[in-house]
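What follows is a short report on a single structure.
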Amino acid sequence: MCVILVCGMARATYVGLMAGTRIALVTGATQGLGLALVEGLAARMAGGDHVFLTGRDPARVEAEVGVVAGRLTGAGAEVHGRVVDVTSTASVQAAADAIAAEYGGIDIVFSNAGSRMSPDRAPAEEVDQVAETYNHGALRMLRSFGPLLRPGGRFFVVASALGTLGQLDPRVRAPFERARSLDDIERIVESWRRAVHDGSATELGWPGWLNLPSKVAQVAAVRVAAAQRRERDLADGTLIAAVCPGLIDTAASRPWFTDMSRAQTPEEAARALLDLGLAPSVDPKYYGELVQFGAVLPWEGVATTPEVVSTT
Numbered sequence: 001m002c003v004i005l006v007c008g009m010a011r012a013t014y015v016g017l018m019a020g021t022r023i024a025l026v027t028g029a030t031q032g033l034g035l036a037l038v039e040g041l042a043a044r045m046a047g048g049d050h051v052f053l054t055g056r057d058p059a060r061v062e063a064e065v066g067v068v069a070g071r072l073t074g075a076g077a078e079v080h081g082r083v084v085d086v087t088s089t090a091s092v093q094a095a096a097d098a099i100a101a102e103y104g105g106i107d108i109v110f111s112n113a114g115s116r117m118s119p120d121r122a123p124a125e126e127v128d129q130v131a132e133t134y135n136h137g138a139l140r141m142l143r144s145f146g147p148l149l150r151p152g153g154r155f156f157v158v159a160s161a162l163g164t165l166g167q168l169d170p171r172v173r174a175p176f177e178r179a180r181s182l183d184d185i186e187r188i189v190e191s192w193r194r195a196v197h198d199g200s201a202t203e204l205g206w207p208g209w210l211n212l213p214s215k216v217a218q219v220a221a222v223r224v225a226a227a228q229r230r231e232r233d234l235a236d237g238t239l240i241a242a243v244c245p246g247l248i249d250t251a252a253s254r255p256w257f258t259d260m261s262r263a264q265t266p267e268e269a270a271r272a273l274l275d276l277g278l279a280p281s282v283d284p285k286y287y288g289e290l291v292q293f294g295a296v297l298p299w300e301g302v303a304t305t306p307e308v309v310s311t312t
């Protein structure tokens, strides 16, 4: 397996790209679920395929590419490191432009970057980073990499079973029901963020736990993006979906739970996502939906058990 690091906007030139070569990219891939997704993709994709391990810290990206190289042997995809900060529109667009120039498109995207939250901090202290990473980050990825998705490709936003409308007060649910574009979702996220900062969030109906509106906004972004391209994508077997990996035992989730006995390791949590992403064909029922362990979670529903998903 060949390992190459490409930092910032610098671009390596790859010679002899074969027809049928697949390109995959994972954000937030320097630890946890993201790293497990990179390792799983590299192991299960073919020789000559390419997997991009991305994160915002060049040193960590380089280190984790080396870790993956040490763990994987034999045939498999080439793993490349690339610095991508999903809180920066310029960084995401530069990565998309480089992928387009190098390969002409992309086949598998896991928009997985997240921001760690603490039960010991006030929502106003964390909402900016949560909104910029989970929400605007997913919007940036959809806008920049969505157009690069090849026929038969897969684009996943890693979300949560908490990302359903039933989690929200009807007063703040209505804007999501009316949303028809990524711009609409962006405006809702900014309205929520302002309300958290000015202290009006509770009065307006927003839940106190930032994870709830953030996850709903992620799934809503997937739904409106999918609605805009549904006919074409379904015709060529392309899938856009939100995915919930379930509870993962990481440093990000442990502060929120006293019992982690049913939590998965990142490697265990990655399996269902990889199965869906690498399946030769997918059931159209998944298109534009929130999927967990092969089941579609109803948009209007309510999660039966709370969860925190670590995506960093």
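In terms of the UniProt record's numbering, the sequence shown opens at residue 1 and continues consecutively. Just so you know, even glycine gets a beta-carbon here, dropped at the ideal spot from N, CA and C.
D107: member of the beta strand (DSSP E) spanning 106-111, first to last residue. DSSP lists F155 as the beta-bridge partner residues of I240. When rounded, the separation of the alpha-carbon atoms in A241 and A195 is 29 Å. The DSSP-derived three-state label of A24 is strand. Beta-bridge partners of A295 (DSSP): Q292. In the structure shown, the three-state DSSP call for V83 is strand.
In the three-state scheme derived from DSSP, where H, G and I count as helix and E and B as strand, G301 is classed as coil. Taking C-beta atoms under 8 Å as the contact rule, Q218 and G246 fail to qualify, at a distance of about 16 Å. It is roughly 7 Å from the alpha-carbon of P119 to the alpha-carbon of W256. Here T54 carries a strand assignment [DSSP, helix/strand/coil]. For the pair of segments examined, the region 223-235 was found not to touch the region 187-205: the number of CB pairs separated by less than 8 Å stays below three. Under a 10 Å Cβ-count criterion, E125 is classified as exposed, with fewer than 16 other Cβ atoms of the shown protein chains found around its own Cβ. Annotation for E177: the continuous alpha helix (DSSP H) segment containing it runs 170-178.
CA-CA distance, A63 to I108, rounds to 23 Å.
Under the three-state reduction of DSSP, Q218 is assigned to helix. Spanning the alpha carbons of A90 and A174 requires a straight line of approximately 32 Å.
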